[in-house]
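Student:
2 protein chains.
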Amino acid sequence: MDLNTARETILQMQAKASAYGHVTSLLSFDGQTTAPAKTAANRAHTLAILSEDIYKFATSEEYIEVLDFLQEHRDELSDNERRMVWLLSRRLRFMRSIPMDEYIEHERVLVESGEAWREAKANNDFGHFAPYLEKIFATVKKFAAYVDPDMDPYDFWLNEFEEGLTMEFCEEFFGGIKEKIVPLIRRIAEKPQVDDSCIRGDFSERTQEDFAHYLMDVIGLDKDHVGFATTEHPFTTSLGSHLDERITTHYYRDCVGSSMYSVIHEGGHALYDTGSSDEFVYTELDGGVSMAVHESQSRFYENILGRSKEFISLILPKMKELWPEKFADVTADDLYKAVNKVQPSFVRTEADEVTYALHVLVRYELEKKIFHGEVEIKDLPSEWNKLYKEYLGVDVPNDTRGVLQDVHWSDALIGYFPSYAIGSAYGAQFLAKMKESVDVYSCIEKGDFAPINEWNREHIWKYGSSKTPQEVLKLALDGEPFSIDYYVKYLEDKYTEIYGL
Amino acid sequence: MDLNTARETILQMQAKASAYGHVTSLLSFDGQTTAPAKTAANRAHTLAILSEDIYKFATSEEYIEVLDFLQEHRDELSDNERRMVWLLSRRLRFMRSIPMDEYIEHERVLVESGEAWREAKANNDFGHFAPYLEKIFATVKKFAAYVDPDMDPYDFWLNEFEEGLTMEFCEEFFGGIKEKIVPLIRRIAEKPQVDDSCIRGDFSERTQEDFAHYLMDVIGLDKDHVGFATTEHPFTTSLGSHLDERITTHYYRDCVGSSMYSVIHEGGHALYDTGSSDEFVYTELDGGVSMAVHESQSRFYENILGRSKEFISLILPKMKELWPEKFADVTADDLYKAVNKVQPSFVRTEADEVTYALHVLVRYELEKKIFHGEVEIKDLPSEWNKLYKEYLGVDVPNDTRGVLQDVHWSDALIGYFPSYAIGSAYGAQFLAKMKESVDVYSCIEKGDFAPINEWNREHIWKYGSSKTPQEVLKLALDGEPFSIDYYVKYLEDKYTEIYGL
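Okay, structure coming up:
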């Protein structure tokens, strides 16, 4: 093999991996959007057959040989090629470290556990899900040891989902959250609650759909490459490459805020992915680099921009046009307060901007303790409820709205939650940096998102996955280290004004 | 290899083919329904990569070996197994007869020709499309000779799309159409035209969508397994198996009849596919056997049932509910006449029940003549217009609404059109047989489609592709041979009454 052949081969193999990714993501997207109710087994049948092809391809001799060759010649590669090879090798190392029968058994358990979780949640029956959860935690812990026996298994999984993330970082980060945000919530709770009745009422799904398309235009999504669909739990997905991105939403008739902010949130994810440099298409470098950087963008558009006074002034006329009676007498200030109401609750996905990180904190602490034998699965519900009481001051009414609320654990996404909160904090620091060169809020007020999107594209999006999350941060922040202070100050300033603290 | 291993292997291989079929159909379905505008190249990239996998799989040594083995042991197989092996062998024979480079070149030309056809149609520029058409006709003629050098190439392609179909049959069939339908149209033209203003006006897409869902329920589609989407040119597709079927429609604001009857038509296709016996799932025997039998079902629901007086009485109250002002004073008789207006036109897909077969006849005659060197590609537009004048009495205004109107030829679907007309005639004969045991029109009037669907399931649908089209006909008609007379009589009776001939 010579270097140019190896280069060509590895590009072809990534193109093939993109094609496989395209169809598996499309099957999932279809299942979550337009597919008829009882067609999941049919999709599972197809997926099982494709998975075999994909596994064989991803662990093939040819693949291993090319990667080994490129590793040996890494000094002759460009930075982007080295990054590509590193990402591919990391995945290959994972795949080869797990005995195939254990991998397949794990995949099988996950199909069953998803079903068990849905049933358990529907019936408020943690006991039904507990054996699966037991198995999943044990398996992922074992897998971590297979791949990297010298690493703490929770650190292993944090790093799998957010390259470079450690418990050490999380401890400091969540320590700061606890120290600063818990008191902020207490101070807010002492003040009179804001009135959010203007976003509650009866909003037809079709008018909300019109509103969603309007919002996609407002934030500058390229609808030639970003599709839109409805689903149960909103998500964003890339199909094959950043050239075909899909966002989804879910409508609640009784609250216009839910779909509205899910569209802006998912739109932020889509902006990030589709902003990836075109040269990365059909390679590992295409699309956003990590969950935390992704959330830094989605929550930036949703909260920092979308829940700003200026954004509210911008969109209120449209809302008055779509729902003339409902919004006739609503002022920008009314709407601004309504969409920024802070109220500790049980459910993460319904949480406001201030309490959100505490929901994540609960999950982080519990995952860490389970991995280190400090909490047993059977005690999860009571531990969960205890922490919700401690951090959020709420009494969880049942496991359905408590420990069973999230799908993640049933899908072995353990070590994944922290990135949600960390991303929010990244976003606040990006805002401060962006403001040095962009008049952010006056852009929003004018409905001119181009300078904002351009800044993000130039400093974050264009890199795709070609830099590590830490490198992206460093580049975007001109070398300034990450600090939680921006996030805390952003929240303190905003909510001090809203609640008159 | 022993017989049981071969049986098991061939089932696994069909399951794999179903999985490949699932994802390629899903890519196409997605492209035609929800995908953003500029994502076709991204899908083509994925499809090209998968096609290589699929080609290799479909011509693999293992595949050939198993099929050969089963062919040798055909006497030990069940009827269904023999049919399966025959269908698979036919496809394999086709794939192996075409040199791979010519096959790939042909596929490449088809991607380009689709684009060229769209441009040519948009710009009324037949010359732009002609070189592609020249190439496509030459290639399919050559392919026919590769596979079966002793067969007339047009017979070859008729038989490819409709197993058992020959020019001999078509000559007799279309001879009957010319002899009986052309005079019928002339007689209708002498009478005062019916008024179809009640189905024309301004019908919002969303209300039409509600109506579409209502119609799906009326004809008895199982929405747990039949999905619904909107598209440019309505179609139906199975995804992986008959367990996941999708129908599509397109709304025209100015005419409620278009989407309404496309939903019923595509619904007929979906009923047929989903009525396939469950034992055939993930094999070649799953889903409808041929285009003509498919059209016999789709056009049965659309025209014979859907354009009957009884159906109109059944659905008019719903239309009055959805469009109270528009239909306030409309009687069942008004609506019945409106949806059965006969008017020779230029465009096949907009044609009424009576003139439809003549549109197909034009295409049949031209295809046959090109294959036999009696018409040159460059003369197609003038030949087309001449035949439209002769059979339908209309002057085609331009090639966009003339020879360029259909997508089929750009996709090498040559020999495919006749099945559309033949299927309509099958349907009329099925109706006569069905009436022997089912009180068809009183069922429709009551909105009780179950006995009708049950008859079709028992006599047609359940067989899937396990019988040849001719066998299905024979079984459904209790051995009575096909005759065009039922179709002619059905049309003559119906339109004699409507137009007072």
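Here the protein sequences line up with chains X and P, keeping their order. Quick note on numbering: my numbering labels position 38 of the first sequence as 38, and the sequence is numbered without any gaps. To convert a position in the second sequence, counted from 1, into my numbering, add 1000. We put the beta carbon where it would ideally sit given N, CA and C, even for glycine.
Within a Cβ cutoff of 7 Å, which residues of the same chain sit near leucine 1133(P), ignoring the five residues on either side of it in sequence?
Tutor: Ile1377 and Trp1409
Student: Kindly list the residues whose CB is nearer than 8 Å to the CB of methionine 1167(P), restricted to its own chain and excluding five residues on each side of it in sequence; keep chain order.
Tutor: For methionine 1167(P), the CB contacts under 8 Å within the same chain, skipping 5 residues up- and downstream, are Asp1152, Tyr1154, Asp1155, Leu1158 and Lys1368 in chain order.
Student: Please state the DSSP three-state secondary structure of valine 1339(P).
Tutor: helix
Student: Quick test of the definition: if touching needs 3 or more C-beta pairs under 8 Å, does the region 1329–1346 of chain P touch the region 1484–1491 of chain P?
Tutor: no
Student: Are any of the Cβ atoms in chain P nearer than 8 Å to that of alanine 58(X)?
Tutor: no
Student: First and last residue of the alpha helix (DSSP H) that includes alanine 1137(P)?
Tutor: Looking at the sequence shown, residue 1137(P) is not alanine but phenylalanine. 1126–1147 is the extent of the alpha helix (DSSP H) around phenylalanine 1137(P).
Student: For glutamate 353(X), which residues of its own chain have a beta-carbon under 6 Å away from its beta-carbon, when the five flanking residues on both sides are left out?
Tutor: Asn303
Student: Taking the Cβ atom as the reference point for each residue, do valine 1226(P) and alanine 1189(P) lie within a distance shorter than 8 Å?
Tutor: No.
Student: From the DSSP output, read off the bridge partner residues of serine 238(X).
Tutor: Glu245(X)
Student: Can you find a CB in chain P that lies within less than 8 Å of the CB of arginine 253(X)?
Tutor: no
Student: Pick helix, strand or coil for valine 111(X), following the three-state DSSP scheme.
Tutor: helix
Student: Which ranges would you report for the alpha helix (DSSP H) in the region 1356–1390 of chain P if only whole runs of at least 4 residues count?
Tutor: If we require 4 residues or more, the alpha helix (DSSP H) runs fully inside the region 1356–1390 of chain P come out as 1356–1371.
Student: Would a C-beta distance cut-off of 8 Å place threonine 1468(P) and glutamate 1160(P) closer than the cut-off?
Tutor: no
Student: The alpha helix (DSSP H) spanning phenylalanine 1057(P) covers which residue range?
Tutor: From DSSP, the alpha helix (DSSP H) with phenylalanine 1057(P) extends over 1040–1058.
Student: Residues in the same chain with beta-carbon distance under 6 Å from valine 1256(P), minus the five sequence neighbours each way, listed in chain order, please.
Tutor: Ile1199 and Phe1203
Student: Per DSSP, which residues does cysteine 255(X) bridge with? Please list them.
Tutor: Arg200(X) and Tyr252(X)
Student: For glycine 1479(P), which three-state DSSP category applies?
Tutor: Looking at glycine 1479(P) - three-state DSSP - the assignment turns out to be coil, as it is neither helix nor strand.
Student: Go ahead and label aspartate 30(X) buried or exposed: buried means 16 or more other beta carbons lie within 10 angstroms of its beta carbon, across all protein chains shown.
Tutor: buried
Student: Where does threonine 230(X) sit, in a helix, a strand or coil, going by DSSP?
Tutor: Looking at threonine 230(X) - three-state DSSP - the assignment turns out to be strand.
Student: Would you say leucine 305(X) lies against chain P (beta-carbon separation less than 8 Å)?
Tutor: Chain P contact via Cβ: absent.
Student: Quick check: the region 1275–1293 of chain P against the region 1227–1246 of chain P, are at least 3 beta-carbon pairs closer than 8 Å?
Tutor: yes
Student: Which residue marks the beginning of the alpha helix (DSSP H) containing histidine 408(X), and which one marks its end?
Tutor: Following the DSSP letters along the chain, one finds histidine 408(X) in no alpha helix (DSSP H), marked with neither H nor E.
Student: Is the shortest distance between the beta-carbon of tyrosine 1282(P) and the beta-carbons of chain X less than 8 Å?
Tutor: yes
Student: Name the chain X residues whose beta carbon is nearer than 9 Å to that of leucine 1413(P)?
Tutor: Chain X residues near leucine 1413(P): none, gap ~25 Å exceeds 9 Å.
Student: Going along the chain, which residues of its own chain have a beta-carbon closer than 6 Å to the beta-carbon of tyrosine 1251(P), five neighbours each way excluded?
Tutor: Close CB contacts of tyrosine 1251(P) within its chain, under the 6 Å cut and outside five residues either way in sequence, are with Glu1205, Gln1208 and Ser1259 (chain order).
Student: Which residue's Cα is closest to the Cα of arginine 1307(P): Lys1489(P), Ala1138(P) and Ile1444(P)?
Tutor: Ile1444(P)
Student: Would a check of beta-carbon distances place proline 1036(P) closer than 8 Å to chain X?
Tutor: yes
Student: Nearest by alpha-carbon distance to lysine 320(X): which of Phe211(X), Met216(X), Val440(X) and Glu390(X) is it?
Tutor: Of the candidates Phe211(X), Met216(X), Val440(X) and Glu390(X), the one whose C-alpha sits nearest the C-alpha of lysine 320(X) is Phe211(X).
Student: Using a threshold of 8 Å, state whether the C-beta atoms of valine 360(X) and alanine 421(X) are closer than that.
Tutor: yes
Student: Exposed or buried, valine 347(X), counting other C-beta atoms within 10 Å across all chains shown (16 or more means buried)?
Tutor: exposed
Student: Just tell me which of Gln1014(P), Ile1219(P) and Asp1217(P) has its CA closest to the CA of serine 1089(P).
Tutor: Gln1014(P)
Student: Measuring CA to CA, which of Thr39(X), Thr46(X), Ala40(X) and Ala37(X) is closest to tyrosine 20(X)?
Tutor: Thr46(X)
Student: My guess is that isoleucine 136(X) and alanine 425(X) are in contact by the Cβ rule of under 8 Å, so how many angstroms apart are they, rounded?
Tutor: Wrong, their Cβ atoms sit about 28 Å apart, outside the cutoff.
Student: Leucine 314(X) and glycine 220(X): beta carbons closer than 8 Å?
Tutor: no
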